[in-house]
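Undergrad:
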Amino acid sequence: SELEKVLPIFRERYKNRVSSQEAYIYRGVEGVKNYMRDILRDIKEVYTIGGKLSWLDEKLENFSKKFFEEATKKKIKFNILFDNEVSQRAKADIKIFGEGNFKFLPPKYSTDSAVDIFNDYVVTFTGMRLKKIDIDVTVFVLKDKKLADSYRKWFEFMWDNLK
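According to this note's numbering, the sequence shown is numbered sequentially starting from 72.
#1: Are the CB atoms of LEU152 and MET229 nearer to each other than 7 angstroms?
#2: If you drop the 5 nearest sequence neighbours on each side, which residues of the same chain put their C-beta closer than 6 angstroms to that of LEU111?
#3: Can we say the region 181 to 195 touches the region 159 to 171, given the rule of at least three CB pairs closer than 8 angstroms?
#4: Going by CA-CA distance only, name the one from ASN232, ARG223 and ARG82 that's closest to GLU116.
#5: DSSP state of SER184, grouped into three classes?
#6: Would you identify the three-state DSSP class for ARG112, choosing helix, strand or coil?
#7: Answer with buried or exposed for LYS123, where buried requires no fewer than 16 other C-beta atoms within 10 angstroms of its C-beta.
#8: Please list the terminal residues of the continuous alpha helix (DSSP H) segment that includes PHE81.
#9: Are the CB atoms of ASN155 and LEU127 within a distance shorter than 7 angstroms?
#10: Rank ALA161, ALA163 and LYS104 by C-alpha distance to the C-alpha of LYS136 and give the top, closest one.
#11: For ARG261, which of LYS202, LYS217 and ASP183 has the nearest alpha-carbon?
#12: Kindly indicate which residue of ASP220, TRP225, GLU227 and SER184 has the alpha-carbon position closest to the one of PHE211.
Below, the structure is given as structure tokens:
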């Protein structure tokens, strides 16, 4: 009975605890593979801003094939705001993402970077182009629930304001 009295207090403290924060950097093609493995760990949905189909780079060809097979088995849903050149030059390749949701950014907003948001993670990339990844690509990984929630809100705003 004493435990029953204090259990609500402990539940509230647990619910309001500060989430863990982490930051790390992956580099190169092997770093991209590590990041893609992170997605396969208990992830149900991925949000991307500035998608370029870079995972189709020939340097990742065999790895990407296995990745997408596993993502399909796990029913991971991809919500992607692609750079505009994907709609112009590689629209047919979007099928690798299965039953995801896709839109295209206006041409003037294309960059060589991208952002992915999943679970408590925000991942930013530099060194990406249409279906290509630079050999020295850098992947910045931030783990923070509030930050990831904020990025998802911004994604939602962009999504809602695109045709």
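Glycine included, every Cβ here is placed at the ideal spot set by N, Cα and C.
Computed from a prediction, not measured in an experiment: that's the story for all the values here.
TA: By the coordinates alone:
#1: Numbered from 1 along the sequence shown, position 81 holds the residue referred to as residue 152. Numbered from 1 along the sequence shown, position 158 holds the residue referred to as residue 229. The answer is yes: Cβ separation under 7 angstroms.
#2: Against the sequence shown, residue 111 aligns to sequence position 40. Contacts found: GLU141.
#3: no
#4: Along the sequence shown, read from residue 1 onward, the residue named residue 116 stands at position 45. Selected option, being the one with the closest Cα: ARG223.
#5: Counting from 1 along the sequence shown, the entry for residue 184 is found at position 113. Three-state DSSP puts SER184 in a strand.
#6: If you number the sequence shown from 1, residue 112 lands on position 41. In this structure, ARG112 counts as coil in the three-state DSSP scheme.
#7: Indexing the sequence shown from 1 puts residue 123 at position 52. Buried is the call here.
#8: Residue mapping note: residue 81 aligns to position 10 of the sequence shown, counting from 1. Unbroken alpha helix (DSSP H) run through PHE81: 73 to 86.
#9: Start at 1 with the first residue of the sequence shown, and residue 127 comes out as number 56. Start at 1 with the first residue of the sequence shown, and residue 155 comes out as number 84. Cβ distance not < 7 angstroms, so LEU127 and ASN155 don't count as in contact.
#10: By 1-based counting over the sequence shown, the position of residue 136 is 65. Of ALA161, ALA163 and LYS104, the residue nearest in Cα terms is LYS104.
#11: No statement about residue 261 is possible, as the shown extent of the chain runs from 72 to 234 and does not include it.
#12: Here residue 211 refers to the residue found at position 140 when the sequence shown is read from its first residue. Closest by alpha carbon: SER184.
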